[in-house]
Amino acid sequence: MAATLDINDNTSAMILGNGITIADEEEMELEKGEILKDGTDLARKQSLLPSGPSTLCFVTEDFVSEEFNVDGFITSCRSSVSPEVLRNDLKTYFDILKSSMVELINKDYADFVNLSTNLVGLDKAISNISAPLEQIKTEVGSVKDCIGQAMNGINRRLKKRTELREKKARLQRLLNISDSVDKIEKLLQISSTSPQNMMSASSEEENYGHLIERVAIEFNQLLFNLNQSKGLPFVQKIQLRIDSISKTLKSSLDRLFEEAVGGGQTDSLARCLRTYAAIDKVQEAETLFRNMVVKPRTNEIIKSEMLDVVALQTMYQKIIDFIPIHCGLLLELTAETTLSDIGRGSITTSGSKIRGYDFLVHSVFPEVVSSIEVRLPLIFAPGNPDIFHQKFTATLEFIAKFEYHCCSQSSILRLRDHSSYKQFMSKWNLPVYFQIRFKDIGELTESAYTNPFITVSDKICRLNVTNTLWYCVSRCWSDDVFLLNLTHLFWKLTMQLLSRFSYWLTNVKENLPNFGLEDRSKGSSIDTNKSRESKRDVVLSDTAHVINLIGDIDILIPMVKKLYKDTIIPHVKELQSDNFVLLDESIKEACDNVVLHLPKFESHVITQVADSCKQHLDAANSVPRQYRRTNREMPGKCSTYVHAIFIPLKSFISERSDHISSNKCKDWVTRILQIVADKYFNIINDILTSVEKTRDSLMRLKKNIAAAASGSSTSVSDEDKIRLQLQLDVLEFANEIEKFSASSRSLPACQQLIALVQSTNKSNINEI
18 MAATLDINDN
28 TSAMILGNGI
38 TIADEEEMEL
48 EKGEILKDGT
58 DLARKQSLLP
68 SGPSTLCFVT
78 EDFVSEEFNV
88 DGFITSCRSS
98 VSPEVLRNDL
108 KTYFDILKSS
118 MVELINKDYA
128 DFVNLSTNLV
138 GLDKAISNIS
148 APLEQIKTEV
158 GSVKDCIGQA
168 MNGINRRLKK
178 RTELREKKAR
188 LQRLLNISDS
198 VDKIEKLLQI
208 SSTSPQNMMS
218 ASSEEENYGH
228 LIERVAIEFN
238 QLLFNLNQSK
248 GLPFVQKIQL
258 RIDSISKTLK
268 SSLDRLFEEA
278 VGGGQTDSLA
288 RCLRTYAAID
298 KVQEAETLFR
308 NMVVKPRTNE
318 IIKSEMLDVV
328 ALQTMYQKII
338 DFIPIHCGLL
348 LELTAETTLS
358 DIGRGSITTS
368 GSKIRGYDFL
378 VHSVFPEVVS
388 SIEVRLPLIF
398 APGNPDIFHQ
408 KFTATLEFIA
418 KFEYHCCSQS
428 SILRLRDHSS
438 YKQFMSKWNL
448 PVYFQIRFKD
458 IGELTESAYT
468 NPFITVSDKI
478 CRLNVTNTLW
488 YCVSRCWSDD
498 VFLLNLTHLF
508 WKLTMQLLSR
518 FSYWLTNVKE
528 NLPNFGLEDR
538 SKGSSIDTNK
548 SRESKRDVVL
558 SDTAHVINLI
568 GDIDILIPMV
578 KKLYKDTIIP
588 HVKELQSDNF
598 VLLDESIKEA
608 CDNVVLHLPK
618 FESHVITQVA
628 DSCKQHLDAA
638 NSVPRQYRRT
648 NREMPGKCST
658 YVHAIFIPLK
668 SFISERSDHI
678 SSNKCKDWVT
688 RILQIVADKY
698 FNIINDILTS
708 VEKTRDSLMR
718 LKKNIAAAAS
728 GSSTSVSDED
738 KIRLQLQLDV
748 LEFANEIEKF
758 SASSRSLPAC
768 QQLIALVQST
778 NKSNINEI
């Protein structure tokens with residue numbers, strides 16, 4: 018027992034050494050058990066679960082599953098085995114569980130028995146360490162308070178030192194400000210005497226430019242110190258002296274800049290530009306150049322009477338010529354690339370360039386725009402679209418030349434982003450210009466639809482409507498109408514024109530006489546429910562109009578596609594757009610919507626011509642009357658109606674085929690002949706059938722007259738003459754077809770027709 022107590026004491030000491038009690042350890046173990054993952058817990062349960070025999074009707078792991086449900090378990094098992102088998106298997110596995118539990122208890126029995134023994138003396142050990150722990154806690158708190166007081170004292174001293182350092186730096190800046198003011202006043206000799214006298218006196222003693230550069234460097238340092246000392250009383254006290262220095266320095270620097278620009282003094286001008294940049298006065302230098310050089314020159318160039326296009330182009334050219342003459346030296350010193358480099362084709366960047374300046378963007382262009390807006394406000398008026406287009410085009414050319422002189426892409430981007438550039442471009446009322454063009458083109462288009470089928474001569478297309486459509490579409494992209502800034506609107510207008518034409522073709526198609534009807538008698542009811550526009554615009558009675566329309570469409574669509582490829586696409590590329598796939602799909606769809614009407618129109622033409630030819634086929638029905646009981650001689654040539662059948666087709670080919678492609682014309686002729694041959698076959702078949710029936714009737718009447726039968730057996734009957742005449746007609750019909758470069762063998766109906774008459778006559782000859 019004593020040994021057991023010693024072990025417990027050592028264990029308690031070990032726990033004290035680690036600072037963790039047994040209770041704490043148990044609590045930590047509980048927390049660890051709570052945060053175990055579901056997958057790990059499930060695996061542990063399954064590992065403890067004893068396995069049963071393989072003959073069981075269920076899976077033992079289902080009992081430890083979180084989704085385990087008694088009713089569901091029984092239902093699933095009963096679907097495969099009987100309740101008696103399920104009961105026996107459950108009883109078997111229950112016995113296995115009991116035996117496993119007994120084995121587990123016996124295995125850990127010693128631990129269960131020794132548990133109470135190990136806890137003996139634990140309360141005494143805990144009470145023994147409570148007092149030392151409280152003492153340690155008190156001592157640690159005292160040390161913490163002492164350290165906190167020491168840190169607070171150190172922080173106060175550090176803060177005071179920082180304040181002293183800042184005051185010292187502030188005082189040093191004030192001393193520097195005072196020294197800089199005194200030094201600058203001494204250099205500029207600012208006193209009660211006039212600044213002009215002082216500057217002249219100074220210029221007599223030393224180089225004026227070097228003096229200003231020294232002053233600028235010192236003044237730049239002064240500005241830095243002033244920026245760090247804002248609001249201090251000393252600064253406010255000497256503010257008047259600082260303002261006087263700034264004013265004197267600016268006037269002196271401006272005068273030096275004017276002399277350098279006017280005299281073309283490169284070194285002096287470069288020194289001035291560096292000085293302006295050093296004191297952060299770049300914008301003032303650009304403004305000075307604008308007022309001193311650019312404004313007087315633009316007043317001379319830009320006059321209020323320069324309203325016509327030629328005068329405007331001359332004015333723009335003078336402005337462009339002004340740049341290399343009056344701005345060349347500045348560009349040589351400040352531009353990233355020089356005009357001379359561009360002229361030689363070798364654009365280089367020099368490290369000696371003075372950065373930060375862009376006189377063309379900030380001085381020249383704003384003044385030019387301002388002068389134009391004041392003196393030439395009427396050039397922006399879009400009332401006359403032709404004049405407006407010429408002026409705007411001339412302006413775009415001027416801007417392109419101006420951008421060329423900018424010499425660098427960054428300068429061009431600054432120009433386009435400048436407020437004066439945006440304001441100048443917004444003055445050109447492009448939406449109003451497009452509305453005027455839209456109105457003119459729209460009115461011209463709609464007027465063409467009022468009389469669409471007027472034929473015109475000396476034009477690409479024959480009809481007024483198609484000629485007008487092509488003129489309007491091509492005019493949208495002509496050089497005297499199209500503007501790059503309005504590409505999207507002119508593209509939309511082009512699509513609208515093609516869509517309007519397709520809509521009109523739909524009305525034409527729907528109002529063709531007898532089109533798409535199975536019965537010609539139904540044609541009289543067409544247009545009863547159509548709109549007023551349809552009744553007015555699309556009344557067709559002449560097939561020639563449809564033929565001209567088909568030919569015009571065949572000419573128009575390739576021209577539209579060529580215009581898209583050769584003109585529209587290059588304009589879109591100028592905009593650096595990559596929407597070519599969408600544009601291709603749009604133009605293809607617009608053209609396809611027009612072309613899809615052609616099969617209906619072609620069918621109408623073929624039907625009309627075929628009907629004209631078929632009118633002469635009715636004469637074939639008179640052949641039996643010509644030979645029955647007329648005692649006429651045997652036929653030796655074809656009937657006259659055969660040649661009359663082809664008169665409408667020949668007239669169609671001679672008058673209208675020149676506007677239709679040869680391949681299409683040949684296809685139409687073949688289809689027309691096929692229709693006529695079909696009709697002719699039906700007529701001949703009906704005639705021969707009728708003749709055969711008549712012959713049979715007569716034979717029945719004469720069968721009892723032996724003598725007559727004997728005499729008539731060797732004579733040629735009327736039916737034989739009829740068959741022979743029909744055969745001659747059909748063969749001549751086939752010969753006429755051959756004259757149209759359409760072989761009769763290629764027409765199934767024609768071949769059937771020939772076979773029909775030949776077989777009939779052959780059988781009749783055999784009987785004779």
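Sequential numbering from 18 applies to the sequence shown in the numbering used here. Every residue, glycine too, gets a C-beta built ideally from N, C-alpha and C.
His621 counts as buried, since at least 16 other C-beta atoms from the protein chains shown sit within 10 angstroms of its C-beta. DSSP places Leu480 in the strand class (E or B) of the three-state scheme. Look at Thr511 here: in three-state DSSP terms it is helix. Annotation for Val385: the continuous alpha helix (DSSP H) segment containing it runs 382-392.
Between Val774 and Leu705, the C-beta spacing is below 9 Å.
When only Cα atoms are considered, Arg740 and Ala661 end up about 21 Å apart.
Shown here, Thr472 sits in a strand according to DSSP, grouped into three states.
Just measuring C-alpha positions, the residue of Phe75, Lys108, Asn105, Lys590 sitting nearest Thr92 is Phe75. Here the region 415-435 makes no contact with the region 464-476; the two share fewer than three CB pairs at distances below 8 Å.
By the 16-neighbour rule on beta-carbons within 10 angstroms, Phe85 is exposed. Every alpha helix (DSSP H) of 4 residues or more that sits fully in the region 564-633 is shown, in chain order, as 586-591, 597-612, 615-631.
DSSP, read as helix, strand or coil, puts Thr647 in coil. Here Gln742 is buried. Its C-beta has 16 or more other C-beta atoms within 10 Å.
Thr412 and Tyr333 have their alpha carbons spaced roughly 8 Å apart. Separation of the CB atoms of Thr292 and Ala352 is rounded to 19 Å, and the pair is thereby denied contact status at 8 Å. In the three-state scheme derived from DSSP, where H, G and I count as helix and E and B as strand, Phe85 is classed as coil. Taken atom to atom, the span from the alpha-carbon of Ser269 to that of His379 is near 23 Å. Look at the region 108-194 and you find these whole runs of alpha helix (DSSP H), each 4 residues long or longer: 126-135.
Nearest to Arg688 by alpha-carbon distance, out of Gln643, Val626, Ser639, Ser656, is Val626.
Measuring C-alpha to C-alpha distances from Ser68 to each of Lys203, Val98, Asp88, Phe111 identifies Phe111 as the nearest. In terms of Cβ geometry, Phe397 and Leu347 do not form a close pair [threshold 9 Å]. When secondary structure is reduced to three states using DSSP, Ala772 falls in the helix class. At a Cβ-Cβ threshold of 9 Å, Met309 and Val278 count as neighbours.
Annotated three-state conformation of Ile319 is coil, per DSSP.
For Thr657, the secondary structure class from DSSP, reduced to helix, strand or coil, is coil. In the structure shown, Asn702 falls within a helical segment according to DSSP collapsed to helix, strand and coil. Just so you know, the alpha carbons of Ser97 and Leu73 end up roughly 12 Å apart. Within a 10 Å sphere around the beta-carbon of Ala302 sit 16 or more other beta-carbons, which makes this residue buried.
When DSSP states are grouped into helix, strand and coil, Gly69 belongs to the coil group.
By the Cβ neighbour-count rule, Phe669 is buried, with 16 or more other Cβ atoms within 10 Å of its own.
Cβ-Cβ distances below 6 Å link Asp106 to Leu73, Cys74 in the same chain, with the five nearest sequence neighbours on each side left out; the list follows chain order. Rounded to whole angstroms, Arg372 and Pro575 show a C-alpha spacing of 56 Å.
Thr504 is a Cβ neighbour of Val589, given a cutoff of 9 Å. The beta carbon of Gln691 is closer than 7 Å to those of Leu764, Ala766 in its chain, skipping five residues each way along the sequence.
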